[in-house]
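J.: Residue numbers (the UniProt record's numbering), protein chains in the order written: chain A, 1 to 208; chain B, 1 to 208; chain C, 1 to 208; chain D, 1 to 208. In this text, a Cβ means the ideal position worked out from N, Cα and C, and glycines have one as well. These numbers come from a predicted model, not from an experiment. Quick one: this structure, given as structure tokens, is what I'll be asking you about.
Protein chains: 4
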Amino acid sequence: MRTNQGFAGDDRGTFGGRMRRAQIERAAAEVLSEVGYAAASVSRIADRAGVSKGVITYHFATKDEIFRRLAVQLLDGCAAHITDRVPDEMPPALRLRARIHAELEYFASRRIEFLAMAEVMANHRDEDFGRAFEGIAESDIDTVAGILREGQEAGEFRPLDAHEAAHLIDAAKNGVLDRWAADESLDLEPMSASLLDFVARAVRADGA
Amino acid sequence: MRTNQGFAGDDRGTFGGRMRRAQIERAAAEVLSEVGYAAASVSRIADRAGVSKGVITYHFATKDEIFRRLAVQLLDGCAAHITDRVPDEMPPALRLRARIHAELEYFASRRIEFLAMAEVMANHRDEDFGRAFEGIAESDIDTVAGILREGQEAGEFRPLDAHEAAHLIDAAKNGVLDRWAADESLDLEPMSASLLDFVARAVRADGA
Amino acid sequence: MRTNQGFAGDDRGTFGGRMRRAQIERAAAEVLSEVGYAAASVSRIADRAGVSKGVITYHFATKDEIFRRLAVQLLDGCAAHITDRVPDEMPPALRLRARIHAELEYFASRRIEFLAMAEVMANHRDEDFGRAFEGIAESDIDTVAGILREGQEAGEFRPLDAHEAAHLIDAAKNGVLDRWAADESLDLEPMSASLLDFVARAVRADGA
Amino acid sequence: MRTNQGFAGDDRGTFGGRMRRAQIERAAAEVLSEVGYAAASVSRIADRAGVSKGVITYHFATKDEIFRRLAVQLLDGCAAHITDRVPDEMPPALRLRARIHAELEYFASRRIEFLAMAEVMANHRDEDFGRAFEGIAESDIDTVAGILREGQEAGEFRPLDAHEAAHLIDAAKNGVLDRWAADESLDLEPMSASLLDFVARAVRADGA
DNA sequence: GATGAATGAGCCTTCATTCAT
DNA sequence: GATGAATGAAGGCTCATTCAT
């Protein structure tokens, strides 16, 4: 007898299986974005996906796994998108700008998924109640800090604590995404422009 | 129909009653900060407070009311703190700086409460799943936008979309608080300095 | 230290005590008539009486005691009212009519109390879930059966099973009271007339 | 929002599902008849049915729904039984008699269900505490009133207020059923005969 | 692969009752 | 006499998960 434990986090499996998992993940994202983490029950997800509750347990070991995958996939996709679009050779100021722009661009077509991911990252905890996504953005921030340091050496950026500034840039960017995602009537384009302008001014060298 | 139990939203009541309510709110804040919104059950709060579950229902009509009060009290306290410390006569650049500093200062001695409030604001929903604290910071942000416009007229600040910039400043500030609150080992002072510097640079006029 | 057990079912006590008990009983009757047995909680009764919950426990050993007293008092009052108004010397047909009329008349000015009593009698159970007011009307019905037998001997009433007929008369009378009590807009007078007519016809001897 | 659990009001579903629901309804009826409305908890019903509490929530949306179905099914079944057995062409006096007889006959083999239904009808309230089964018998009574009027025109019945008389007949009939159901040792047959006789006498024309 | 059924722990809340003051 | 406070059991219900078919 084949146990369903084997499927957990498994990207192998039949084509149909992958399809089903994708369908369930999509439903989960919609439910999360609409009713929030606390009310996102397996029942509601099954309803939304138009399948029985059993199907979900068959394809995912636990509910948490669905949520985790949702967040991880989006995070990974975003990272790949950025890497694709931001060559290492770009000068620092442009590279910083390109990274931020690429991230906003990535989520611009994934509002629901972003909201779902935000719910998961804010609420997902391990069994000891520790935040499961604590520090997930750290490497990203380190990359930005690196760019800032590079730019300082090149004289493009002013003296500042690169690590702190990277966090501030990240927070401002997340603020833009959060606000945009929460209000469907908002247009990301001008918000994005204001953000890029704001950040550029905050870090540029005096003579620049 | 009002029963003679439950002081829901009642600021009157005996000294003992106010004490108990404060004790329960404190326990609720601790639990929220430690295990998160989803796991913050009445049982856990009662355990933490060292009282029976019934006591909580006796003093608060619903669990949500405790959470709401927690958030509202802190928000109100913070607003009062800022108003006290930031006279309207201050010139815009100083006023902006003073506001941010006052807010960070207020939460610096209320880490647990800040975490609890953040959990509540991120998760509290009304019965139709709408975010209950949606737009709660809007008036605050409008105030900052007003300061920015004033500063622009005075030539202290550069041309920018005041409303967008106010949101970016808010997001950066919240990012600092979130990061600090999540990691007990962090020192708010230097983070605060970086933030103030970052914001000042982002908005100052070219000639300044 | 004086325990409150002593008061249970106690008609002695101070004047103030009797007043309080009456006030509580009145409130209990109102609550019962408005929300029904299941929702008639001590809290709601205390609210209605404008006293604290503690007062109720002070004057009555248990909630059930209040309810029991409510029913018993009304039942006793009704019995006394009937006895007062229906002399044993009346001829059977008149006596039957007078009894029914007296009972309707008694409750006519006690709608709330009647509803409360009906709730209690329908729902009150002892600790083994046996109906506490089972057979409470039996002696009344026996009295009516006696009148029927007397009337048969006197040739006023037709041959019939006196005990069964007494039950049927009782049921018809209760039906009138129930319907009237449930609908404030109803006028008891014509209903009463129809009932008396109905019963008289049902039992009268052929030649009468 | 409909979850995929709960068949609330659903007559479709698998054979097994219908069986379970019937089993649960049977257990609920037994519990209601034995301990009364107030003590008829989901736990007790589950115990009686020999299933876990969760099963009940799985098959019925709420406890009230079980009770409502219990009452409605019995009421509907009774109405159908009467319609089947009482042709419209019968002369009024016979038709009246046949209706009453059919109803008693229907419940004669359903003592437990009758008791359960009586508990529900006496106690079920909507959220504003209004009686949920208020006036449920009204159409039935109107039918009887119609028969009485027909019989008056045909000279079979005496002049009387048909609507009032119909209510009295209904009350007498319910009295018989209540008494019989409450006492297992009673034989419905002679009670039924007395009732039919009583009613016939009460309404017949003088010359009949 | 998929499903409906079942479970049992846990949730929030209501409640009758006890008790110190 | 009276009160507010506290208790703990019980209530109905939701839910993630398991499992036989």
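Going by DSSP, name the residue or residues bridged to Phe-67(D).
T.: Its beta-bridge partners do not exist; DSSP assigns none.
J.: What three-state label does DSSP hand Phe-107(C) in the structure shown?
T.: Helix, per DSSP.
J.: Would you list the residues sitting across from Arg-131(D) in a DSSP beta bridge?
T.: DSSP output for Arg-131(D) lists Arg-125(D) as bridge partner(s).
J.: Can you give me the C-alpha to C-alpha distance between Ala-71(B) and Gln-23(B), rounded to a whole angstrom?
T.: Answer to the nearest angstrom: the Cα atoms are 15 Å apart.
J.: Looking at the unbroken alpha helix (DSSP H) that takes in Ile-56(C), where does it start and where does it end?
T.: 53–59 is the extent of the alpha helix (DSSP H) around Ile-56(C).
J.: Whose Cβ in chain C lies nearer than 7 Å to the Cβ of Glu-34(D)?
T.: By Cβ distance, chain C contributes Phe-129.
J.: Is it true that the region 133–150 of chain C meets the region 136–144 of chain D, where meeting means three or more beta-carbon pairs spaced less than 8 Å apart?
T.: Too few Cβ pairs lie closer than 8 Å, so no.
J.: If we define contact as Cβ-Cβ less than 7 Å, is Asp-161(B) a contact residue for chain A?
T.: Yes, because at least one Cβ of chain A sits closer than 7 Å to the Cβ of Asp-161(B).
J.: Quick one, which residues of the region 50–65 of chain D are near chain C if we go by CB-CB under 7 Å, in chain order?
T.: Taking 7 Å as the Cβ-Cβ cut-off against chain C, none of the residues of the region 50–65 of chain D qualify.
J.: Is the CB of Glu-164(B) under 7 Å away from at least one CB in chain A?
T.: Closer than 7 Å: yes.
J.: Between the C-alpha atoms of Tyr-58(A) and Ser-52(D), what's the straight-line distance to the nearest angstrom?
T.: Rounded to the nearest angstrom, the two C-alpha atoms are 24 Å apart.
J.: The alpha helix (DSSP H) that contains Val-144(A), what's its start and end?
T.: 138–153 is the extent of the alpha helix (DSSP H) around Val-144(A).
J.: According to DSSP, residue 272(A) sits in a beta bridge with which residue or residues?
T.: Because chain A is modelled from 1 through 208, residue 272(A) falls outside the range shown and cannot be assessed.
J.: Does Phe-198(A) have its Cβ less than 7 Å from a Cβ in chain B?
T.: By this cut-off, Phe-198(A) is an interface position.
J.: With Gly-16(A) as the anchor, note down where its alpha helix (DSSP H) starts and where it stops.
T.: Where Gly-16(A) is concerned, the enclosing alpha helix (DSSP H) stretches over 15–35.
J.: Using a Cβ-Cβ distance under 7 Å, would His-194(C) count as near chain D?
T.: Note that residue 194(C) corresponds to Ser in the displayed sequence, not to His. Closer than 7 Å: yes.
J.: Could you tell me whether the region 65–82 of chain D touches the region 99–112 of chain D, where touching means 3 or more Cβ pairs closer than 8 Å?
T.: The region 65–82 of chain D vs the region 99–112 of chain D: in contact.
J.: Quick check: is the beta carbon of residue 229(D) nearer than 7 Å to any beta carbon in chain C?
T.: With chain D covering only 1 through 208, there is no way to say anything about residue 229(D).
J.: Anything in chain A within Cβ reach of residue 211(B), meaning under 9 Å, just list it in chain order.
T.: In the structure as shown, chain B begins at 1 and stops at 208. Residue 211(B) is therefore absent and cannot be evaluated.
J.: By the 8 Å beta-carbon criterion, what residues does the region 68–96 of chain C contribute toward chain D?
T.: Within the region 68–96 of chain C, no residue has a Cβ that lies closer than 8 Å to any Cβ of chain D.
J.: Hey, how far is the Cα of Ala-46(A) from the Cα of Gln-152(B)?
T.: Rounded to whole angstroms, Ala-46(A) to Gln-152(B) spans 53 Å at the Cα level.
J.: Between which two residues does the alpha helix (DSSP H) carrying Ala-39(D) extend?
T.: Element bounds for Ala-39(D): n/a, residue is neither H nor E.
J.: For the 8 Å Cβ check, are there 3 or more pairs between the region 182–193 of chain D and the region 196–208 of chain C?
T.: Output reads no: the region 196–208 of chain C does not touch the region 182–193 of chain D.
J.: Would you give the residue range spanned by the alpha helix (DSSP H) that Asp-187(A) belongs to?
T.: It is not in any alpha helix (DSSP H) - Asp-187(A) carries neither H nor E in the DSSP assignment.
J.: Looking at Tyr-37(D): is its Cβ nearer than 7 Å to the Cβ of Asn-123(D)?
T.: The answer is yes: Cβ separation under 7 Å.
J.: If you count every other CB in all the chains shown that lies within 10 Å of the CB of Met-117(B), and 16 or more means buried, which is it?
T.: Under this definition Met-117(B) is a buried residue.
J.: Who are the Cβ neighbours of Ala-27(D) in its own chain at under 6 Å, not counting the five residues just before and after it?
T.: Only Ile-45, Arg-48 and Ala-49 meet the Cβ criterion.
J.: Excluding sequence positions up to five away, which residues of its chain have a Cβ less than 8 Å from the Cβ of Val-42(C)?
T.: Same-chain partners within the cutoff: Lys-53, Ile-56, Thr-57 and Lys-63.
J.: Helix, strand or coil for Gln-5(A), going by three-state DSSP, please let me know.
T.: For Gln-5(A), the predicted structure reports a pLDDT of 41, less than 50, and the residue's modelled location is therefore unreliable. A value from the coordinates is still provided. Reduced to three states, the DSSP call for Gln-5(A) is helix.
J.: Should Ala-172(A) and Ala-172(B) be called a contact, given that it needs their Cβ atoms to be closer than 7 Å?
T.: Yes; because the gap between Cβ atoms is below 7 Å, this pair is in contact.
J.: Taking Ala-29(B) as the reference, which of Arg-110(B), Glu-150(B) and Phe-60(B) has the closest Cα?
T.: Out of Arg-110(B), Glu-150(B) and Phe-60(B), Arg-110(B) has the C-alpha closest to the C-alpha of Ala-29(B).
J.: Could you tell me the distance, in whole angstroms, from the CA atom of Met-19(C) to the CA atom of Ile-66(C)?
T.: Distance between the alpha carbons of Met-19(C) and Ile-66(C): 14 Å.
J.: Can you tell me which of the three DSSP states Gly-50(D) falls into?
T.: Three-state result, Gly-50(D): coil.
J.: Is there a C-beta anywhere in chain A that falls below 7 Å from the one on Leu-168(B)?
T.: Closer than 7 Å to some Cβ of chain A, the Cβ of Leu-168(B) qualifies, so yes.
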